[in-house]
Amino acid sequence: MHTKRPFGILPLALSRYGRLLRRRIVHICLCLLPLLTGCVPTQTKYLPAPRVLIPATLLGDCQVPVIPEHMTWGDSVLLNEQLLLALEQCNQDKAALRQIETMNNPRHTAK
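Numbering (the numbering used here), first residue to last: 1 to 111.
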């Protein structure tokens, strides 16, 4: 004797719906998991920058040309040229020192 159930299809439909619902919940959880791990605060650690060493050529004395005791007008012109070249080289060295100092201390820029 086999009795017919009036709702014989209902348990089958619920089991299919239940599997589909579980699968959707799993997909939703998998999508939300990266969002939860993305909210973890990170700690920023600042490291001091290495200082740039100043080359010894910039720290050396400026070469001053020798001034002879007896000069002609032509020698005087050549001496003036040598003195101006020495002054220009010293100014370039000082500009390079200022640039290195600016790189070492970026907050305190030279005016």
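Virtual Cβ for every residue (Gly too), placed ideally from N, Cα, C.
**Request:** May I have the straight-line CA-CA distance separating A110 from Q99, to the nearest angstrom?
**Result:** At A110, the pLDDT of 48 sits below 50, so the modelled position is not reliable; the number obtained from the coordinates is stated separately. Straight-line Cα distance between these residues: approximately 9 Å.
**Prompt:** What does a CB cutoff of less than 6 Å around M103 pick up in its chain, not counting 5 residues either side in sequence?
**Reply:** V52
**Request:** Kindly indicate which residue of D93, T42, R23 has the alpha-carbon position closest to the one of P55.
**Result:** The option with the nearest alpha carbon to P55 is D93.
**Prompt:** How is V64 classed by DSSP in three states: helix, strand or coil?
**Reply:** coil
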